[in-house]
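Just so you know, we're using this note's numbering here: the sequence shown kicks off at 1 and counts up by one. From the three backbone atoms N, C-alpha and C, an ideal C-beta is built for every residue, glycine too. None of the values given here were measured: they were computed from a predicted structure.
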Amino acid sequence: MTTTRRLSLLKPTGHLTLGNYLGALRPMAAGQDGADCFFGVADLHALTVPHDPREVRGLIRELATLLLAVGLDDSTLFVQSRVPAHAQLAYLLECTAYTGELNRMIQFREKGRDQPSTRVSLYTYPALMAADILLYEPSQVPVGDDQRQHVELTRDLAMRFNHAYGPVFTVPEITTPAAGARVMDLGDPTAKMGKSGAAAAGAIHVLDSPDVVKRKIARAVTDSETGPGAVRADREAKPGVTNLLDILAACGGSADGIATYGALKKAVTDAVVAELEPVRKRYGDLADDAAHVTKVFAAGAARCREVTAPVLAAAEAAIGLA
Ligand code: AMP
1 MTTTRRLSLL KPTGHLTLGN YLGALRPMAA GQDGADCFFG VADLHALTVP
51 HDPREVRGLI RELATLLLAV GLDDSTLFVQ SRVPAHAQLA YLLECTAYTG
101 ELNRMIQFRE KGRDQPSTRV SLYTYPALMA ADILLYEPSQ VPVGDDQRQH
151 VELTRDLAMR FNHAYGPVFT VPEITTPAAG ARVMDLGDPT AKMGKSGAAA
201 AGAIHVLDSP DVVKRKIARA VTDSETGPGA VRADREAKPG VTNLLDILAA
251 CGGSADGIAT YGALKKAVTD AVVAELEPVR KRYGDLADDA AHVTKVFAAG
301 AARCREVTAP VLAAAEAAIG LA
């Protein structure tokens with residue numbers, strides 16, 4: 001029996017949030033058993049919008065260290081640009097995709113909207129994402145709503161390529177991940193807690209100190225209801241309180257016996273700090289041992305180059321190169 005291959009890439013475009021941790025990193029760490037996991041820092045994807053090279057370099061390093069700090073030691077960890085096959089296959093897939101289908105990609109339309117100039121890479125990014133996936137031949141890709149269209153395109157490109165040039169790619173099935181915690185912004189609980197953009201003000205970062213966590217939660221928006229029963233979940237009428245209750249539960253806490261928003265915020269703070277402190281501590285240790293992080297990622301990239309080489313070679317041969 002072959003082991004399941006899992007693959008996930010995270011973009012180094014901001015400091016990772018509690019949302020990233022509960023929605024992506026923690027499940028990634030929990031799912032390592034019995035699977036052959038590849039987890040990457042999608043640095044090439046961080047260049048599709050205006051960027052500062054120094055900042056991006058720092059965020060790549062931070063994310064790489066964080067992947068180790070959350071306990072992904074049993075996985076193959078890599079930085080995307082260190083595995084040139086990603087960019088090489090992306091080009092072959094750009095030669096397979098049509099402008100009509102890239103024009104329809106919602107993320108390109110949304111991110112490119114009202115911009116005086118848009119990088120070509122923002123437009124072609126779905127071809128790179130398709131390469132990211134197809135190189136590792138996963139049989140399934142669990143995907144949230146925001147990336148579904150891109151994975152559908154990945155399947156279309158793989159099928160079109162296979163049909164035109166021969167059976168090179170494994171066409172992955174799209175699966176819906178088990179509904180995880182969706183963490184909302186503390187200042188605007190109707191918006192997702194995001195790592196970049198205006199919403200970052202209401203975001204708890206994985207590496208925030210306990211004091212900062214406490215301050216951010218103290219400022220979290222609730223509502224003006226008082227009295228017994230005010231602490232209850234109601235996503236429509238009480239989005240702020242509901243978000244705090246969700247965070248509390250996701251971090252292993254309980255709202256039993258909590259009657260005031262002050263007590264709720266205290267419980268949420270304690271639970272979040274208890275969840276994040278071990279990660280922050282390990283991150284600190286790893287940041288002091290930069291050579292170890294470098295070594296782990298060098299070994300990971302070497303394995304990725306090995307695993308992806310036959311897929312790239314087959315695609316090149318089929319399309320008429322070499
Ligand atoms: P992003 O930071 O938007 O690129 O998201 C990377 C991954 O982190 C997503 O695919 C989600 O799995 C997870 N994630 C990001 N933000 C949240 C959030 N607010 N709540 C839950 N999961 C999240």
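Asked                                                                                                    : Found
Burial state of Asp132, where buried means 16 or more other Cβ atoms lie within 10 Å                     : buried
DSSP-derived helix/strand/coil call for Thr124                                                           : helix
Of the residues Leu77, Arg54 and Arg61, the one placed nearest Gln32, counting alpha carbons only        : Leu77
Minimum C-alpha distance to Pro167 - residue among Ile174, Glu173, Ala158 and Thr175                     : Ala158
Environment of Phe176 [buried if 16+ CB atoms lie within 10 Å]                                           : Reading off the sequence, residue 176 comes out as Thr, not Phe. Burial call: exposed.
Proximity of Thr3 and Ala287 at Cβ, strictly below 9 Å                                                   : no
For Thr4: DSSP bridge partner residues                                                                   : Ala35
Same chain, Cβ closer than 8 Å to Ala233, five either side skipped, listed in chain order                : Val241, Thr242, Leu245 and Asp246
Best match in Thr222, Asp270, Glu306 and Gly71 for proximity to Pro210 [C-alpha to C-alpha]              : Asp270
Secondary structure of His86, DSSP reduced to three states                                               : helix
Beta strand (DSSP E) segment containing Leu77, residue limits                                            : Thr76 to Val79
Within the region 193–254, ranges of the alpha helix (DSSP H) (whole runs, at least 4 residues)          : 210–218 and 239–250
Identified DSSP bridge partners for Val141                                                               : Ile174
Classification of Tyr91 by the beta-carbon crowding that lies within 10 angstroms, buried from 16 upward : exposed
Cβ-heavy atom distance, Met105 to ligand 1, below 8 Å                                                    : no
C-alpha gap between Ala318 and His163, whole angstroms                                                   : 11 Å
Residues bridged to Thr17 (per DSSP)                                                                     : His205
Host alpha helix (DSSP H) of Pro27 (start-end)                                                           : Arg26 to Ala30
Contacting residues, own chain, Cβ-Cβ under 6 Å from Gly300 (five flanking each side not counted)        : Thr76, Leu77 and Phe78
Buried or exposed (CB count within 10 angstroms, at least 16 for buried), Ile258                         : buried
Beta-carbon proximity of Pro12 to Asp43, cut-off 9 Å                                                     : yes
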